[in-house]
Amino acid sequence: MMDGIITPYDRLTLIHHHERPTVRDYIPMIFTDVYELHGDRLYSDDKAIFGGIGRLDGIPVTIIAEVKGRDLNENKEVNFAMPHPEGYRKALRLAHQAEKFHRPVINFIDTPGAYCGVEAEERGQGEAIARCLYEFMQLRTPVISVVLGEGGSGGALALGVCDELCMLENAIYSVISPRGFASLIWKDAGRERDACDIMHITAEDAVALGVAEQIIPESEGGAHTDPEITAENIHRSLSISLKDKMSKDIDELLLSRYNRFRSVGEFTQMDTTVDQGG
Amino acid sequence: MTMEELFRQVTQKFYNDDQPKEPDFKCPRCQKTTPAKTMQENMLVCPVCGYSSRLTARDRLRLTCDKDSFTETEAGMTSLNPIDFPDYEEKIADLREKTGLAEAVVTGICTIHNERCVIAVMDSHFMMASMGSVVGEKIARAFELAGNEGLPIVIFTASGGARMQEGLVSLMQMAKTSGAAAKFSEKGGLYITVLTDPTTGGVTASFASLGDVIIAEPKVLIGFAGRRVIEGTIKQQLPEDFQSAEFMLKNGFVDMIVERRNMRRTIAHLIRLHRGEVR
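Protein chains in written order, with my numbering: chain P, 710 to 987; chain U, 4 to 282.
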């Protein structure tokens, strides 16, 4: 950090801070009566994704979250928050359960990306993510997503098809990790900092690109300095969004959910007869 | 060699339509060499191992649509530079000239054995058919056109994944295309996906995996993560058939593998079977 200006790379450093709160820290500070619900009913229970029910301001909600560990042991258990297909299928099972009981869904995104491995491919990682995009788009109950730290690629987007996307102040959302980007574009994973500078990955970028609606402030110096204050801020944003979305007609809500994504993209029509440029 | 370089090597061998003499085809699967003429006669399928090689959109349309039945839609739609990526416009302009394509997907309406349908063909020779704003928009519009016209839609997928140069905007195209597929499905429309070489990344993780019927060509590459990324994760060599059409069939993510010479007939039959007519 130079001269008090916080760069995208500084934010990346902050979200990788070893004391950065995880969703397991926030849940008890935001929700009451929380019960964790396990398993996808098809294959197994993926610990990289938390699923459960609880109350927000007394209102029953379903909570789905990508879980980072607080230390190496925890991280091994949750596979460094990189879900397998069964994690996404658990998320979908619980989303449909929420729909049945007219509970809004709150998704917390915090993953470097969906897991890349042999078993993940065998069990259809691509299909699992695609199915999340498809079904969340049509889910007849409000969905609000919050990016807590890393919003990495399709693995993040799988929980990001929602009526409103909130991002913590230092959170990032990107098509690939800055490291992966550097390695792909410059064949040099070490150029992470340069990647951060051109990728447009910050919360402000996401709002500017029409991808996110809200930026949630963190405590001074990053969420780890005061998790309680950050949790309060998350809680406040969720309360407002939830009331707003729950008051809407569900068909209108679904249409505007679709349009949130339908309208993203920049293109033009080439004049094929006369060269007018641009 | 990176994935991109590998793709380039394979595609450069191929994109030579305008040159008088085409080079021999060296199969990336079995490594055997076949004269270009033999490949042409065999619908560009390797006669040794059956690998269904990468086609240009033009060749795919020629081999798929009834003669003169194809009408292009959204021709000339082209990318802007949503995240001001350095040299992106130049790269696109260069590819437009090299390939004769405006972007990585061609869409339109055609008949296949007299069955009218909306068709979309991705062309890996254009930036590895990565999905940016234009690919996302054209796929979404193709679904909307099919929905409005009450037609089935057939999409030939091929892609290296999301288009890095469009950053987060390209990621959102996954949700856009999947949403468009969902809206089309709600109307009761038939969506046939044909997975061709290579179908990977963000396209596998969106509309490519959402067909009512999912067909794959023999021996093609289909997967989510890059092979090298996975090898890097597990630190061991992957089996030969990993992420092939056959692997996807075995694991339950593809309905059928169809040889190129049977593709037209199969698609037409499937369309007829979904009309609900008794005959």
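Yeah, the Cβ is synthetic: ideal placement off N, Cα and C, and Gly gets one too.
Other residues of its chain near residue i: CB distance less than 6 Å, five sequence neighbours each side excluded
| i | result |
| --- | --- |
| His-793 (chain P) | Asp-755, Tyr-824 and Ala-829 |
| Ile-112 (chain U) | Thr-74 and Val-121 |
| Val-770 (chain P) | Arg-812, Pro-813 and Ile-815 |
| Gly-833 (chain P) | Pro-794 |
| Phe-759 (chain P) | Ala-774 and Val-776 |
| Thr-934 (chain P) | Ser-928 |
| Gly-778 (chain P) | Asn-784 and Val-787 |
| Val-870 (chain P) | Leu-842, Phe-845 and Met-846 |
| Ile-86 (chain U) | Gly-170 |
| Asp-215 (chain U) | Leu-193 and Tyr-194 |
| Leu-848 (chain P) | Ala-804 and Glu-808 |
Three-way DSSP call (helix, strand, coil) for residue i in this model
| i | result |
| --- | --- |
| Gln-239 (chain U) | coil |
| Phe-187 (chain U) | helix |
| Ser-886 (chain P) | coil |
| Phe-976 (chain P) | strand |
| Arg-119 (chain U) | strand |
| Thr-982 (chain P) | No answer about Thr-982 (chain P) holds up, because its pLDDT of 49 lies below 50 and its placement is not dependable. |
| Lys-896 (chain P) | coil |
| Ala-932 (chain P) | helix |
| Lys-756 (chain P) | coil |
| Gly-53 (chain U) | coil |
| Gly-987 (chain P) | With a pLDDT of 37 at Gly-987 (chain P), under the threshold of 50, the predicted position of this residue should be treated as unreliable, and no value is reported. |
| Val-787 (chain P) | coil |
| Val-232 (chain U) | helix |
| Ser-946 (chain P) | helix |
| Arg-764 (chain P) | strand |
| Met-46 (chain U) | coil |
| Ile-925 (chain P) | strand |
| Ala-823 (chain P) | coil |
| Leu-918 (chain P) | coil |
Close-in-space but distant-in-sequence residues of the same chain around residue i (CB under 7 Å, 5 per side omitted)
| i | result |
| --- | --- |
| Ser-753 (chain P) | Glu-795 |
| Thr-41 (chain U) | Pro-50 |
Whole-angstrom C-beta distance between residue j and residue i, which should lie under 8 Å
| i | j | result |
| --- | --- | --- |
| Gly-170 (chain U) | Ser-854 (chain P) | Rounded, the Cβ-Cβ distance is 19 Å, inconsistent with contact. |
| Met-134 (chain U) | Gln-168 (chain U) | Rounded, the Cβ-Cβ distance is 11 Å, inconsistent with contact. |
| Ala-921 (chain P) | Glu-878 (chain P) | Not a contact, Cβ separation roughly 12 Å. |
| Ala-880 (chain P) | Gly-858 (chain P) | 6 Å |
| Asp-872 (chain P) | Arg-966 (chain P) | 5 Å |
| Ser-55 (chain U) | Arg-263 (chain U) | 5 Å |
| Ser-212 (chain U) | Glu-836 (chain P) | 4 Å |
| Gly-163 (chain U) | Met-131 (chain U) | 3 Å |
Residue i - containing alpha helix (DSSP H), residue span
| i | result |
| --- | --- |
| Glu-745 (chain P) | Here Glu-745 (chain P) belongs to no alpha helix (DSSP H); instead the beta strand (DSSP E) covers 741-745. |
| Thr-67 (chain U) | 60-67 |
| Asn-151 (chain U) | 136-152 |
Contact set for residue i: own chain, Cβ-Cβ below 8 Å, skip 5 residues either direction
| i | result |
| --- | --- |
| Phe-187 (chain U) | Phe-146, Glu-147, Ala-149, Gly-150, Ile-156 and Tyr-194 |
| Val-223 (chain U) | Tyr-54, Ser-55, Leu-198, Thr-199, Asp-200, Pro-201, Thr-202, Ser-247 and Ala-248 |
| Leu-947 (chain P) | Ile-739, Leu-765, Ile-815, Ile-853, Val-855 and Cys-875 |
Cβ pair residue i, residue j closer than 8 Å
| i | j | result |
| --- | --- | --- |
| Pro-887 (chain P) | Ile-924 (chain P) | no |
| Thr-207 (chain U) | Gly-229 (chain U) | no |
| Thr-820 (chain P) | Met-846 (chain P) | no |
| Asp-749 (chain P) | Lys-799 (chain P) | yes |
| Gly-974 (chain P) | Val-172 (chain U) | yes |
| Leu-83 (chain U) | Phe-129 (chain U) | no |
| Ile-739 (chain P) | Ile-943 (chain P) | yes |
| Ser-181 (chain U) | Tyr-843 (chain P) | yes |
| Asp-200 (chain U) | Glu-220 (chain U) | yes |
| Ile-217 (chain U) | Val-261 (chain U) | no |
| Leu-174 (chain U) | Ala-165 (chain U) | yes |
| Tyr-744 (chain P) | Gly-763 (chain P) | yes |
| Ile-95 (chain U) | Ala-123 (chain U) | no |
| Met-344 (chain U) | Ile-233 (chain U) | Here chain U has residues from 4 to 282 only, and residue 344 (chain U) is not among them. |
| Ala-39 (chain U) | Pro-50 (chain U) | no |
| Ala-807 (chain P) | Thr-850 (chain P) | yes |
| Thr-81 (chain U) | Ala-105 (chain U) | yes |
| Met-125 (chain U) | Phe-159 (chain U) | yes |
| Arg-32 (chain U) | Cys-52 (chain U) | yes |
| Gly-761 (chain P) | Ile-772 (chain P) | yes |
| Leu-803 (chain P) | Leu-746 (chain P) | yes |
| Pro-936 (chain P) | Pro-737 (chain P) | no |
| Leu-866 (chain P) | Ala-178 (chain U) | yes |
| Gly-822 (chain P) | Ile-237 (chain U) | no |
| Lys-954 (chain P) | Leu-962 (chain P) | yes |
Span of the beta strand (DSSP E) around residue i
| i | result |
| --- | --- |
| Ala-161 (chain U) | 156-162 |
| Phe-76 (chain U) | One detail in the question is off: residue 76 (chain U) reads as Thr in this sequence, not Phe. Looking at the DSSP string, the run of the beta strand (DSSP E) that includes Thr-76 (chain U) is 74-76. |
| Thr-722 (chain P) | First-last for Thr-722 (chain P): 717-724, but that is the alpha helix (DSSP H), not the beta strand (DSSP E). |
| Asp-200 (chain U) | 194-202 |
| Ala-219 (chain U) | 216-219 |
| Met-876 (chain P) | 873-877 |
| Thr-81 (chain U) | 80-82 |
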